[in-house]
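> The structure follows.
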Amino acid sequence: MYGQGILRGLRITLMHFFRTYLDDLRYGLRKFSSNENFAQRQGPQARGVFTVQYPDEKLAVPERFRFIPFLIVEDYDHPERPGHDWCTSCGICAKVCPPQCIWIVRETDPQTGRPKPEPEAFFIDIDICMNCGYCAEFCPFDAIKMDHDYEMASYDRTSHHIFDKEKLSKELRYWRTIAPTTAYEEMLARGGWEHSDVIKERKKEARNAQKVPRAERLAAQEEAGTAAANGADEAAAVAEPVAAEGTSEDPEQARREQKRAEMKARLAARRAAKKSN
Ligand code: SF4
Ligand code: SF4
């Protein structure tokens with residue numbers, strides 16, 4: 147029947163209207179009391195329509211939300227490398243960035259003058275950044291990630307919107323807080339919570355530690371082999387005079403001695419033949 151769809155639409159609108167007030171009554175003043183209530187009211191169970199009173203209220207962003215990139219550094223209470231940059235200044239992020247808003251200066255060793263795998267300076271112009279997330283996608287060291295912080299307005303765009311290394315750097319634990327699932331998946335892919343270089347180094351050390359006992363074992367085997375050979379020589383040296391004397395009464399031993407004597411005789415004959423030639 148004509149007009150049925152319009153009536154159904156009006157019914158849905160009216161239901162949202164009344165549910166909005168029912169939801170308000172259900173939560174009362176609690177709706178402003180905690181972030182938990184607020185997140186629940188925005189979830190799939192929420193009924194009705196309500197206005198977000200920004201900036202007093204803020205919408206909870208999903209884990210995959212992305213805004214401006216930030217650089218991961220080791221936790222400041224890390225036992226070995228507190229605050230160490232994960233970035234190796236390889237420059238891949240700067241190369242893939244479509245609007246070219248990343249600048250990196252690589253650190254150099256003051257003694258040798260050779261480049262070091264660390265950034266001396268790292269800048270991102272957040273006015274040019276288009277939040278595409280390519281830098282984070284392509285970084286081979288998981289060193290750059292997309293932040294959830296979107297409140298960056300200021301009155302001065304010349305200096306405030308060029309983020310330097312200090313402003314961009316955030317601890318690994320911050321990334322684990324805002325994106326626990328992704329951080330966990332990355333950890334599994336790397337093989338640990340450490341930087342991939344540290345993990346590689348640890349694996350190498352473990353391999354070397356296994357190699358040492360093997361080398362020791364080989365040396366011990368070689369030593370044992372030499373000792374056995376020396377023992378055999380000594381035994382032969384002892385057995386020879388015995389055979390020469392022919393004192394053995396054991397028939398088997400006598401047979402062996404006889405064979406040895408025959409071999410010796412054959413060898414002596416061969417040598418004599420060679421000399422005469
Ligand atoms: S790709 Fe990653 S490691 Fe390479 S310069 Fe960018 S942030 Fe640093
Ligand atoms: S998010 Fe995109 S535009 Fe922004 S710095 Fe990364 S690659 Fe460049």
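Numbering-wise, my numbering comes out as the position in the sequence shown, counting from 1, plus 146.
Cβ atoms here follow ideal geometry from the backbone N, Cα and C, with glycine treated the same way.
Just verifying my parser: in three-state terms, what is the DSSP assignment at leucine 160?
Residue state, collapsed to three classes: helix.
> Does alanine 390 pass the burial test, meaning 16 or more other C-beta atoms within 10 Å, or should it be called exposed?
Confidence at alanine 390 is low in this model, with a pLDDT of 49, below 50, so the placement of that residue should be treated as unreliable; the coordinate-derived value is given next. Answer is exposed; the Cβ neighbour count stays below 16.
> Quick one: Cα of threonine 234 to Cα of threonine 159, how far?
Roughly 55 Å separates the two Cα atoms.
> Mind checking valine 219: buried by the 16 CB within 10 Å criterion, or exposed?
Result: buried.
> Exposed or buried, which one is lysine 291 when buried takes at least 16 other CB atoms within 10 Å?
Its Cβ being crowded by 16 or more others within 10 Å, lysine 291 is buried.
> Quick test of your reading: valine 251 and proline 265, contact by CB under 8 Å. State the CB separation rounded to the nearest angstrom.
Between proline 265 and valine 251 the Cβ distance is about 7 Å, and since that is below 8 Å, they are a contact.
> For ligand 1, any of its heavy atoms closer than 8 Å to the Cβ of phenylalanine 213?
Checking every heavy atom of ligand 1 against the Cβ of phenylalanine 213, none is found closer than 8 Å.
> Among Asp310, His306, Asp302, Arg319, which one has its Cα closest to the Cα of glycine 229?
When each option's Cα is compared against that of glycine 229, the closest is Arg319.
> For ligand 2, is there a heavy atom less than 8 Å away from the beta-carbon of isoleucine 308?
It does not: the Cβ of isoleucine 308 is nowhere closer than 8 Å to a heavy atom of ligand 2.
> State yes or no: is the C-beta of alanine 240 nearer than 8 Å to some heavy atom of ligand 1?
Checking every heavy atom of ligand 1 against the Cβ of alanine 240, one is found closer than 8 Å.
> When the Cα atoms are used, what is the spatial distance from phenylalanine 268 to cysteine 281?
Going by the C-alpha atoms only, they are around 13 Å apart.
> Which residue's Cα is closest to the Cα of valine 425: Gln246, Asp295, Gly237?
Residue 425 lies beyond the residue range present for the chain, which begins at 147 and ends at 423; the question has no answer from this structure.
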